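Colleague: Here you go, one structure.
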Amino acid sequence: MRRILFLSITVLLLLILSACAGTPEPNNENMIINIKNNANFDIYGVEVNILEYSPTGINADGSKIKKRDSLSFEFLAEDIELDGETTMEVSILINNNTKNNDNLIPINKKTTIELDNNKELFFEITGDSIEEADLKRVN
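Here the sequence shown stands for residues 1 to 139, numbered as in the UniProt record's numbering.
Next up, the structure:
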């Protein structure tokens, strides 16, 4: 009986831990874009727009994205064609009101990226204010 209980608890803990490991990994069916917050102003979320596909990353509790925290965006081959060069636009959510589009401020810079399966790209947002926000590619 103790053995079954111990095994059940172990399996339950493994399931919980695997659910917490939510960072996507690049594979043949996706592409990952990581954006790190290195800005000196409050950011509550980030929207990435590629080929009319616009996922938004926010904290579940609506809190701001802490400096040095990263958001990962997974683009699936079943949603968009991961082939060729395109433009990426990034916008910043400046407060936790996700229903008001006035709170989503685009970074005044379009970035050219190469779409491909099994690829991972890294960017950071920098600047001292939303007006000075910049998106930089990092390796």
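Note that CB positions come from ideal geometry on N, CA and C, so glycine has one too. In this text, all values refer to a predicted model and were calculated from it rather than measured experimentally.
In the DSSP output, which residue or residues are listed as bridge partners for T86?
Modeller: I113.
Colleague: Beta carbon of L121, beta carbon of L82: below 8 Å?
Modeller: Their beta carbons are not under 8 Å apart, which means L121 does not touch L82 by this criterion.
Colleague: What separation, rounded to the nearest whole angstrom, lies between the Cα atoms of P24 and S72?
Modeller: Distance between the alpha carbons of P24 and S72 is about 7 Å.
Colleague: From which residue to which residue does the beta strand (DSSP E) around S63 run?
Modeller: From DSSP, S63 is part of no beta strand (DSSP E); its letter is neither H nor E.
Colleague: Among the residues of its own chain, which have a CB less than 8 Å from the CB of G127, if the five just before and after it don't count?
Modeller: For G127, where only same-chain residues beyond five positions count, the Cβ hits under 8 Å are A39, N40, F41, A133 and D134.
Colleague: With H, G and I counted as helix, E and B as strand and the rest as coil, what does DSSP make of D79?
Modeller: Coil, per DSSP.
Colleague: Any chance the segment 86 to 93 sits against the segment 102 to 113, with 3 or more Cβ pairs inside 8 Å?
Modeller: Contact holds: three or more Cβ-Cβ distances are below 8 Å.
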